[in-house]
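Basically this note's numbering = 1-based index in the sequence shown + 81.
For glycine and all other residues, C-beta sits at the position ideal for the given N, C-alpha and C.
Structure first, commentary second.
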Amino acid sequence: MASIVGKTTQCKACGSDNLFWFAHNKNHSVVQNNRLNTNDVTCLLVLGCADCSETLMSVSADRLAERMTAALKPNAEAESHE
Ligand SMILES: [Zn+2]
Numbered sequence: 082m083a084s085i086v087g088k089t090t091q092c093k094a095c096g097s098d099n100l101f102w103f104a105h106n107k108n109h110s111v112v113q114n115n116r117l118n119t120n121d122v123t124c125l126l127v128l129g130c131a132d133c134s135e136t137l138m139s140v141s142a143d144r145l146a147e148r149m150t151a152a153l154k155p156n157a158e159a160e161s162h163e
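Shown next as structure tokens:
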């Protein structure tokens, strides 16, 4: 997990340490908003700054799930650094 979340502890824009993670559903298609299907939408986990709203990092839910799966096998995790 640490290799995704990294060591970001301060906002690169304003220097604040008032950061938080939130989930964001992103429309990655060109479909109009009220004609979307669920497969047009990707779930992202976003690290944002509460003070200036800067987006510092985003990780797709799929990628996070892969890493969580890898974390079930601690020995495999050690070999898969990116
Ligand atoms: Zn900030």
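Does DSSP classify residue i as helix, strand or coil?
i, result
"A104", "strand"
"T150", "helix"
"T119", "helix"
In terms of alpha-carbon separation, which member of the options lies closest to residue i?
i, options, result
"L125", "A142, L100, G96 and A94", "A142"
"D98", "D121, L137 and S110", "L137"
"A131", "W102, E147 and K88", "W102"
"H105", "G129, N156, C95 and Q91", "G129"
"T123", "S134, A151, C133 and V140", "V140"
"K93", "C133, V112, E147 and P155", "C133"
"R144", "L100, T119 and V127", "V127"
Tell me, to the nearest whole angstrom, how far the beta carbon of residue i is from that of residue j; I am working on the premise that it is less than 8 Å.
i, j, result
"N115", "N108", "With a Cβ gap of about 11 Å, N115 and N108 do not count as contacting."
Any residue whose CB is nearer than 6 Å to a heavy atom belonging to ligand 1, listed in chain order
Close to ligand 1, as judged by a C-beta nearer than 6 Å to any of its heavy atoms, are the residues C92, A94, C95, S97, C130, D132, C133 and E135, in chain order.
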